[in-house]
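Undergrad: Quick one: structure below, then a few questions.
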Amino acid sequence: MNLTMLKMMAMISENLGCRWSRAFVAAATGIVCAALCGGCEKTAVKKEGDQPKTAAAPMPATATAQKLVVGFAQIGAESAWRTANTNSIKDEAAARGIDLRFSDAQNKQENQIRAIRSFIQQRVDVIAFAPVVETGWEPVLEEAKAANIPVVLTDREVDVQDQSLYVTFIGADFVEEGRRAAEWLANKTGGKAMIAELQGTPGAAPAIDRKKGFEEALAKHPGMKIIKSQAGDFNRAKGKEVYESFLRSPEGPQITAVFAHNDDMAIGAIQAMQESGVKPGSQVLVVSIDGIRDAFQAILDGSANCTVECNPLIGPLLFDTVEKIRGGETIPKRIQTPGDVFDAGNVTAEVIKQRKY
Ligand code: AHR
Numbered sequence: 032m033n034l035t036m037l038k039m040m041a042m043i044s045e046n047l048g049c050r051w052s053r054a055f056v057a058a059a060t061g062i063v064c065a066a067l068c069g070g071c072e073k074t075a076v077k078k079e080g081d082q083p084k085t086a087a088a089p090m091p092a093t094a095t096a097q098k099l100v101v102g103f104a105q106i107g108a109e110s111a112w113r114t115a116n117t118n119s120i121k122d123e124a125a126a127r128g129i130d131l132r133f134s135d136a137q138n139k140q141e142n143q144i145r146a147i148r149s150f151i152q153q154r155v156d157v158i159a160f161a162p163v164v165e166t167g168w169e170p171v172l173e174e175a176k177a178a179n180i181p182v183v184l185t186d187r188e189v190d191v192q193d194q195s196l197y198v199t200f201i202g203a204d205f206v207e208e209g210r211r212a213a214e215w216l217a218n219k220t221g222g223k224a225m226i227a228e229l230q231g232t233p234g235a236a237p238a239i240d241r242k243k244g245f246e247e248a249l250a251k252h253p254g255m256k257i258i259k260s261q262a263g264d265f266n267r268a269k270g271k272e273v274y275e276s277f278l279r280s281p282e283g284p285q286i287t288a289v290f291a292h293n294d295d296m297a298i299g300a301i302q303a304m305q306e307s308g309v310k311p312g313s314q315v316l317v318v319s320i321d322g323i324r325d326a327f328q329a330i331l332d333g334s335a336n337c338t339v340e341c342n343p344l345i346g347p348l349l350f351d352t353v354e355k356i357r358g359g360e361t362i363p364k365r366i367q368t369p370g371d372v373f374d375a376g377n378v379t380a381e382v383i384k385q386r387k388y
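Sequential numbering from 32 applies to the sequence shown in our numbering.
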């Protein structure tokens, strides 16, 4: 009889969409349990230090009812970086027993907006997303705000006037990544290079900011010029296709360096060069951003030269932040992830073995 009552409470809780209803059922279940256990366990007596013990072991129904529900709207699976990012978020949610509602937008902003609206309807506790592009988010973020659901931006920022539309941004400094790539190239070439640039998705924060940082640093080196530039959408196949068109263009033979906004496009460019008899890594230097295992391997093989690390493994940081938000803690507006610069000087087979992505 007692067990049946607890099971019923858990079932009601699981089927209710509203988080306040879930909280109500959780509280009610706790009261029932406390009443049932009152005569048999010392821990049921209200003593401050005993509280966690009382709540944990004997009340699985309560634990289920209090499960944190997080909606995550991912961009897609355009790169190895993105796959590592998705895995980090899913694995960490599973490890913490968080109910993760995950949506893949297949690189379309309208799909991400639809997913966020669905999370609002589901009354999730927190919404997190990696915005595919920077602009156009105000209406849906205002809806989340009106529904009192906190929003966390991961990986990419949005361009909005009202900063109260999101709690915090967790990710890297893309402008600095672009700067570091240019500085590496300037050091390596003595400030002389004819550069082909493979840009990320048009309108995406890393495409805008990495270009900005790269050009900022380039301005100090009049001997370094971007002679070709086109979007490869952070995608390996598209990077290859665009680089093939660079090679066919009149400027093709003048290219001495490639700056790709991510490693996948750099790998595509390397393949294009290899297929057309150009030697990547020596004849044409290759610099990119992310730090995926394939880029490390290419550096070790000599077909790539430098990768600026951008860490995708932000699952633990994301859910630490989500739990702090739930606990009412004050969160900084920007939480920056660190990254190193890798080239032939610090990439070894041993280092590659230790890479997690
Ligand atoms: O936003 C981070 C960028 O997006 C990564 O550099 C790229 O690989 C990904 O697709």
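Yeah, the Cβ is synthetic: ideal placement off N, Cα and C, and Gly gets one too.
Quantities reported herein were computed from a predicted structural model and do not represent experimental measurements.
Unbroken beta strand (DSSP E) runs of length 3 or more, entirely within the segment 312-344: which are they?
TA: 316-321 and 337-340
Undergrad: Measuring CA to CA, which of V353, S307 and T368 is closest to D321?
TA: T368
Undergrad: Assuming H292 and F327 are in contact, meaning their beta carbons sit under 8 Å apart, how far apart are those beta carbons, in whole angstroms?
TA: Actually they do not touch by this definition, with Cβ atoms about 18 Å apart.
Undergrad: Does the ligand AHR have a heavy atom nearer than 8 Å to the CB of P237?
TA: yes
Undergrad: Between which two residues does the beta strand (DSSP E) harbouring S134 extend?
TA: D130 to D135
Undergrad: For the alpha helix (DSSP H) containing V382, list its first residue and its last residue.
TA: A380 to Q385
Undergrad: Per DSSP, what are the beta-bridge partners of I158 in this structure?
TA: BP columns for I158 point to G102 and V182.
Undergrad: What are the start and end residues of each continuous beta strand (DSSP E) run of 3 or more residues lying completely inside the segment 187-260, in chain order?
TA: 199-202 and 224-230
Undergrad: Please state whether the Cβ-Cβ distance between E391 and P162 is less than 9 Å.
TA: Only positions 32 to 388 of the chain appear in the structure, and residue 391 is not among them; the question remains open.
Undergrad: How many Å lie between A126 and G167 at the Cα?
TA: 34 Å
Undergrad: Whole angstroms are fine: how far does the CA of Q153 sit from the CA of A213?
TA: One C-alpha to the other measures close to 45 Å.
Undergrad: Roughly how many whole angstroms lie between the Cα atoms of I151 and A178?
TA: Taking the straight line joining both Cα atoms gives about 7 Å.
Undergrad: Over the uninterrupted beta strand (DSSP E) stretch that includes D374, give me the two end residues.
TA: Residues V372 to D374.
Undergrad: Could you please give the first and the last residue of the uninterrupted beta strand (DSSP E) stretch that includes Q367?
TA: R365 to Q367
Undergrad: Under the rule that 16 or more other beta-carbon atoms within 10 Å means buried, what is G70, buried or exposed?
TA: With a pLDDT of 31 at G70, under the threshold of 50, the modelled position of this residue cannot be trusted, and the question is left open.
Undergrad: With 16 other CB atoms within 10 Å as the buried threshold, where does K259 fall?
TA: buried
Undergrad: May I ask you to check if the CB of C337 is nearer than 8 Å to at least one heavy atom of the ligand AHR?
TA: no
Undergrad: Looking at the secondary structure, which residues open and close the alpha helix (DSSP H) in which F290 lies?
TA: From DSSP, F290 is part of no alpha helix (DSSP H) but of the beta strand (DSSP E) over A288 to A291.
Undergrad: Comparing alpha-carbon positions, which option in G263, V317, D351 and E109 lies nearest A375?
TA: V317
Undergrad: In the DSSP assignment, find the unbroken alpha helix (DSSP H) run with Q140 in it and report its ends.
TA: Q140 to Q152
Undergrad: What's the gap between the Cα of Q97 and the Cα of V182?
TA: 19 Å
Undergrad: Given A217, which residues of its chain have a CB within under 6 Å of its CB, disregarding the five upstream and five downstream residues?
TA: H252
Undergrad: I'd like the list of long-range same chain contacts for E340, defined as Cβ closer than 6 Å, with 5 residues on each side in sequence excluded.
TA: G322, G370 and D371
Undergrad: Just how far apart, CA to CA, sit E360 and T185?
TA: 19 Å
Undergrad: Once DSSP output is grouped into helix, strand and coil, what is the label at A108?
TA: coil
Undergrad: Which word fits S319, buried or exposed, when buried means at least 16 other C-beta atoms lie within 10 angstroms of its C-beta?
TA: buried
Undergrad: Alpha carbon to alpha carbon, what distance is there between D156 and L99?
TA: 7 Å
Undergrad: How long is the line joining the alpha carbons of R210 and P284, rounded to whole angstroms?
TA: 26 Å
Undergrad: Assuming S119 and G346 form a contact by the criterion Cβ under 8 Å, report the distance between their Cβ atoms to the nearest whole angstrom.
TA: Confirmed, Cβ separation roughly 4 Å.
Undergrad: Short of 7 Å in beta carbon distance, which residues of its chain neighbour E247, apart from the five on each side in sequence? Order them along the chain.
TA: R210
Undergrad: I believe A175 touches F103 by the beta-carbon criterion, under 8 Å. Please report the beta-carbon distance rounded to the nearest angstrom.
TA: Contact flag wrong, Cβ pair sits at about 13 Å.
Undergrad: Within this structure, are the beta carbons of A124 and Q105 separated by less than 9 Å?
TA: no
Undergrad: How long is the line joining the alpha carbons of V76 and I362, rounded to whole angstroms?
TA: In this prediction, V76 scores a pLDDT of 28, lower than 50, which makes its location untrustworthy; the coordinate-derived value is nonetheless stated afterwards. Approximately 35 Å, taken between the alpha carbons.
Undergrad: Does the Cβ of V26 have 16 or more other Cβ atoms within 10 Å, making it buried, or fewer, making it exposed?
TA: Absent from the structure is residue 26, since the part of the chain shown begins at 32 and ends at 388.
Undergrad: Along the chain, where does the alpha helix (DSSP H) that runs through I298 open and close?
TA: D294 to E306
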